[in-house]
Each structure stands twice: as C-alpha cells, then as structure tokens.
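J.: Before we start, here is the structure in question, set down as structure tokens.
Residue numbers (the numbering used here): 6 to 367.
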C-alpha cells in the first residue's frame with residue numbers, strides 16, 4: 006500500500022494544524038514499517054519529519070490551503086500513483102486521483118463561522134464565499150473523511166448531508182513534555198493561549214479579567230500565542246484601564262510547559278473549536294482549565310474542567326473567580342486533568358488513522 010500524506014502545513018512555527026500533521030506522520034512511522042509512505046512538504050523544508058526506509062518526502066512549492074494547490078496540486082500528486090492520498094487539511098486539489106482519497110476535517114469555521122475567523126470583513130467574505138465552496142467540494146469528493154471531534158463530524162454531516170458511513174472521528178493527541186523551562190514571571194497568573202482571532206474570544210477574557218481584578222488585584226493575565234489581533238486587544242486593555250495584562254507572543258514548547266505548571270489555570274472559552282488542542286496540553290501537565298460549554302470543548306474536557314457560557318463576560322468572570330478562590334477545586338482538576346488527557350494520545354490517533362487506511366482498502 007502506497008500512502009501519500011499531505012503534510013505541507015508543518016512549518017517552522019507550529020500551529021495546531023501543523024502539530025497534528027507532524028505528530029501523525031511520526032507516530033505512523035512508529036507503527037508501520039511495511040507500507041510505503043510519501044510525505045508532501047513545502048519547498049525548503051529543513052529536514053525530513055521521519056528518517057525511515059519506507060518513508061520519503063516530496064517537496065511542493067505551494068501551501069495546501071492556497072489557490073495554487075487547488076488548481077495545480079494534482080499535477081504533483083497524481084504522478085505519485087497513490088493507493089491512498091490523505092490530505093491532512095480539508096482542501097483537495099481539483100482533479101486529484103488516487104485509489105482512495107481521504108481528507109482530515111479540522112473544523113468548519115470558514116464555512117459556518119467566517120465572521121469569527123478574522124477581524125477584516127473582506128477576509129471573512131473571501132473565506133466564506135471563495136474557500137467555502139472548495140471545502141464543500143473537498144468533503145463531497147473524498148472517499149472518506151476523518152473528523153477530529155464528534156462535534157466537527159456532526160456539523161459536517163448536517164451541513165453537507167453526508168452519510169455517517171463516510172466519516173470516522175479520530176481525536177487529536179498530546180504527549181507529556183518532560184523538558185521544561187521554569188516560569189520566572191509575575192504570579193499568581195491566569196494563562197490564555199492560542200492565536201488571537203475573534204473566535205478565540207480574547208476580548209471577553211480581558212473584560213472578565215477586568216471584573217476579577219476588583220476582588221483579586223494581585224492576579225495577572227498572560228496572553229500567549231500569535232498576535233493577529235494584538236493592537237486591538239492592547240487598545241481594549243488601555244480603554245478599560247486594566248493593569249497586569251501581559252502579551253507574551255509565541256513561546257517554545259519548553260517555555261509553555263513551565264507556564265502550564267505555574268498557572269492558576271488556563272482560560273480558553275473559545276466561541277467555537279474543531280477540537281481545542283491547548284486544553285489537553287494543559288490538562289496533561291496538571292493545569293486546571295476554564296473553557297466553553299459549547300462546540301467541541303465540552304466533548305474534550307468532560308468533567309475535568311470548569312465550563313462556562315462563552316458569550317457571557319459575567320459567566321467567564323464567575324468561572325475565573327471560582328477557580329481563583331477554590332483551591333480544593335484547582336487541586337481536584339489538577340488530578341483529573343492528566344487522567345482525562347491520557348485518553349487523547351498521538352499513538353492512538355495514528356492507530357485509528359491506520360485502521361481507516363486498512364478499512365478503505367478492503
């Protein structure tokens with residue numbers, strides 16, 4: 006069996022999408038030394054994801070989620086004569102050919118929640134009206150779809166009238182990082198993690214924190230991740246007159262582990278998520294989590310976190326105050342979190358993905 010894995014979203018700075026592709030490729034290599042794998046990478050990739058006899062890489066000069074790929078990607082993929090072509094992001098080139106085409110569906114934010122994807126109205130409309138039909142074509146063309154949460158699978162089934170037999174849910178995973186850089190900043194602190202696009206709900210986190218500081222002026226808020234909307238968020242902080250908010254930008258994995266171990270809790274009340282990878286990363290390291298009761302987040306966290314209404318600043322602030330004031334609750338969640346996170350491993354993700362390959366090839 007020859008499998009072409011499209012992992013072009015793995016870049017030097019890993020996003021959640023890139024982290025998924027990287028870990029899936031590496032754990033498939035640990036599982037399978039018999040079948041042949043061709044991994045598609047962006048031109049200029051510094052080193053291979055895997056060095057193993059049954060894995061090789063082919064470099065492609067354009068990203069998977071671009072018009073260049075949609076229009077021209079099949080000219081690279083088709084000559085590889087794949088038994089299975091697996092796109093690890095939900096964009097298929099027109100005319101792609103393989104015995105079986107599998108697509109990983111990460112979310113439908115560009116289709117159903119485009120207004121939450123970007124601050125720019127032009128970008129919102131371009132994603133919905135230009136790329137939305139591409140995602141629809143991709144899901145209808147695919148022979149099988151791997152959805153990363155039951156929530157995402159249900160959204161896709163309802164929106165596109167897809168049969169249940171065409172989809173398999175395979176959750177993402179996490180691995181315990183043993184190496185960490187100890188946190189040496191101000192304490193105590195609440196951690197907010199992820200890029201700052203509108204669906205991450207950071208403005209409400211800041212407004213809720215502003216309420217919290219009236220009772221707990223000693224607490225800090227640390228905002229970590231790519232700063233897509235940093236200027237607007239910094240302006241909001243200034244307008245509210247709230248102090249002790251720190252914008253840290255991107256951290257290394259080792260630095261992030263140190264922050265997880267020192268934080269009071271992770272505040273992650275997104276408006277929508279296809280999965281919510283930071284939640285299991287935090288829980289795996291014993292960091293309590295506050296998150297949304299909707300979308301995929303309640304599915305992932307279960308009873309191992311504090312769930313709130315993400316539309317309500319008061320509800321978010323109430324959850325924050327509860328976690329700050331209730332040390333026994335934080336201790337309970339610090340124990341429950343690793344147990345819950347242990348259900349989501351990259352090894353399991355790879356095993357279930359490989360089973361899909363074998364099932365479609367029967």
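No residue lacks a Cβ here, since even glycine has one placed at the ideal position from N, Cα and C. Note that the coordinates shown come from a computational prediction; the quantities given were computed from them, not determined experimentally.
#1: Looking at residue 89 and residue 73, is the spacing between their C-beta atoms short of 8 Å?
#2: Given this structure, state the Cα-to-Cα distance separating residue 145 from residue 138, to the nearest angstrom.
#3: State the Cα-Cα distance for the pair residue 75 and residue 367, rounded to the nearest angstrom.
#4: List, from N- to C-terminal side, the alpha helix (DSSP H) runs of 4 residues or more that fit wholly inside the region 40 to 84.
#5: State whether the region 172 to 192 contacts the region 200 to 219, with contact taken as three or more CB pairs (one from each stretch) at a distance under 8 Å.
#6: Locate the alpha helix (DSSP H) running through residue 217, then write down its first and last residues.
#7: Decide if residue 344 is buried, meaning its Cβ has at least 16 other Cβ atoms within 10 Å, or exposed.
#8: Hey, out of 361, 365, 360 and 355, whose CA is closest to residue 26's CA?
#9: According to DSSP, simplified to helix, strand and coil, what is residue 186?
#10: Whole angstroms are fine: how far does the CA of residue 35 sit from the CA of residue 358?
#11: What is the rounded straight-line gap between the Cα of residue 112 and the Cα of residue 241?
#12: Pairing CB atoms from the region 290 to 298 with CB atoms from the region 261 to 273, are three or more of them under 8 Å?
#13: Are the region 203 to 218 and the region 229 to 239 touching by the rule of at least three beta carbon pairs closer than 8 Å?
#14: Given this structure, state the Cα-to-Cα distance separating residue 192 from residue 268, to the nearest angstrom.
#15: So the alpha helix (DSSP H) residue 245 belongs to, where does it begin and stop?
#16: DSSP beta-bridge partners for residue 229?
T.: Based on what the coordinates show:
#1: Position 68 of the chain shown, counted from the start, is the residue given in the question as residue 73. Position 84 of the chain shown, counted from the start, is the residue given in the question as residue 89. Residue 73 places its beta carbon 8 Å or farther from that of residue 89.
#2: Taking the first residue of the chain shown as position 1, residue 145 is located at position 140. Taking the first residue of the chain shown as position 1, residue 138 is located at position 133. Roughly 11 Å between the two C-alpha positions.
#3: Numbered from its first residue, the chain shown carries residue 75 at position 70. Numbered from its first residue, the chain shown carries residue 367 at position 362. Rounded to whole angstroms, residue 75 to residue 367 spans 29 Å at the Cα level.
#4: For the region 40 to 84, whole alpha helix (DSSP H) runs of length 4 or above, ordered along the chain, are 72 to 77 and 79 to 82.
#5: The region 172 to 192 vs the region 200 to 219: no contact.
#6: The count along the chain shown starts at 1 and reaches residue 217 at position 212. Taken as a continuous stretch (DSSP letters only), the alpha helix (DSSP H) holding residue 217 covers 207 to 217.
#7: Working through the chain shown from its first residue, we reach residue 344 at position 339. The residue is exposed, with fewer than 16 neighbouring Cβ atoms inside 10 Å.
#8: Position 21 of the chain shown, counted from the start, is the residue given in the question as residue 26. Closest option to residue 26, Cα to Cα, is 355.
#9: Taking the first residue of the chain shown as 1, we reach residue 186 at position 181. DSSP places residue 186 outside both helix and strand once states are collapsed to three, so it counts as coil.
#10: Here residue 358 corresponds to residue number 353 of the chain shown, with the count starting at 1. Here residue 35 corresponds to residue number 30 of the chain shown, with the count starting at 1. One alpha carbon belongs to residue 358, the other to residue 35, and they sit about 13 Å apart.
#11: As a first step, residue 112 must be located in the chain shown, where it is residue number 107. As a first step, residue 241 must be located in the chain shown, where it is residue number 236. So the two alpha carbons sit approximately 29 Å from each other.
#12: The region 290 to 298 is in contact with the region 261 to 273.
#13: Result yes; three or more Cβ-Cβ pairs closer than 8 Å.
#14: Start at 1 with the first residue of the chain shown, and residue 192 comes out as number 187. Start at 1 with the first residue of the chain shown, and residue 268 comes out as number 263. A direct Cα-to-Cα measurement between residue 192 and residue 268 gives close to 8 Å.
#15: In the chain shown, the residue the question calls residue 245 occupies position 240. Here the alpha helix (DSSP H) through residue 245 covers 235 to 245.
#16: As a first step, residue 229 is located in the chain shown; it is residue number 224 there, counting from the start. According to DSSP, which records beta bridges pairwise, residue 229 is partnered with 198 and 254.
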